[in-house]
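Some notes on the structure that comes next.
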Amino acid sequence: MAKNQEPDSVAFNRIVEGTTITGDINSNEGIRLDGKLLGNLTTKGKLVVGVTGYIKGEIKCNNSDIEGKIEGKIYVNELLSLKSTAKIFGDITTNKLAVEPNAIFTGTCNMGSEQNNDTKPEE
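In terms of this note's numbering, the sequence shown opens at residue 17 and continues consecutively.
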């Protein structure tokens, strides 16, 4: 490691395309999912679901960028960003929501900090 290079301050877990996980995932760090998860996901970091990513289950995280498909409830403490390729089938609870044109969302949405007090990932 070069002397001038600082280590990454935030670790990031990666689940690659072609990988299927059946079961729950709990993490203190961020996660990028390009594979498939059949279960619940809880992270204190950021969740990124790539274009090929798929989750069937409940999600709890601090921030999230969704490009893939989600079937289930989503709880985001800060910002949920639905990209143009996102397909969401389930309910959303978040403080802030950003939706790009062509994103698909079927469900209910509760927004605002009062809605989000009890959705934080467990300590």
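Yeah, the Cβ is synthetic: ideal placement off N, Cα and C, and Gly gets one too.
Out of the options, state which residue places its alpha-carbon closest to the alpha-carbon of residue i.
{"i": "Lys-112", "options": "Cys-77, Ile-71, Glu-33 and Gly-51", "result": "Cys-77"}
{"i": "Gly-51", "options": "Ile-31, Ala-114 and Ser-43", "result": "Ile-31"}
{"i": "Asn-79", "options": "Tyr-70, Leu-53, Leu-98 and Lys-103", "result": "Leu-98"}
{"i": "Val-92", "options": "Leu-63, Ile-104, Ser-43 and Lys-72", "result": "Leu-63"}
{"i": "Gly-61", "options": "Leu-53, Glu-45 and Leu-49", "result": "Glu-45"}
{"i": "Thr-38", "options": "Ala-27, Glu-94 and Leu-53", "result": "Leu-53"}
{"i": "Glu-94", "options": "Asn-126, Gly-88 and Glu-116", "result": "Asn-126"}
If we count the other Cβ atoms within 10 Å of its Cβ and call it buried at 16 or more, is residue i buried or exposed?
{"i": "Asp-40", "result": "exposed"}
{"i": "Gly-34", "result": "exposed"}
{"i": "Gly-69", "result": "buried"}
{"i": "Gln-21", "result": "Caution is warranted here: a pLDDT of 40 is assigned to Gln-21, below 50, making its placement in the model unreliable, and no coordinate value can be reported."}
{"i": "Thr-122", "result": "exposed"}
{"i": "Thr-59", "result": "buried"}
In its own chain, which residues sit with a C-beta less than 6 Å from the C-beta of residue i, not counting the 5 before and 5 after it?
{"i": "Thr-124", "result": "Asp-107"}
{"i": "Leu-96", "result": "Ser-80, Thr-110 and Leu-113"}
{"i": "Ile-86", "result": "Ile-71 and Ile-104"}
{"i": "Asn-56", "result": "Asp-40, Gly-73 and Glu-74"}
{"i": "Ile-47", "result": "Asn-29, Thr-59 and Leu-63"}
{"i": "Ala-27", "result": "Glu-45"}
Checking the sheet assignment: what are the DSSP bridge partners for residue i?
{"i": "Lys-62", "result": "Asn-79"}
{"i": "Gly-46", "result": "Phe-28"}
So, at 8 Å on beta carbons, what are the nonlocal neighbours of residue i in its own chain, with the 5 sequence-adjacent residues on each side left out?
{"i": "Thr-101", "result": "Val-67, Glu-83, Gly-84, Asn-118 and Ala-119"}
{"i": "Gly-128", "result": "Asn-111"}
Report all residues from its chain with a CB closer than 7 Å to the CB of residue i; omit the five preceding and five following residues, and keep chain order.
{"i": "Asn-42", "result": "Thr-58"}
{"i": "Glu-116", "result": "Leu-98, Lys-99 and Ser-100"}
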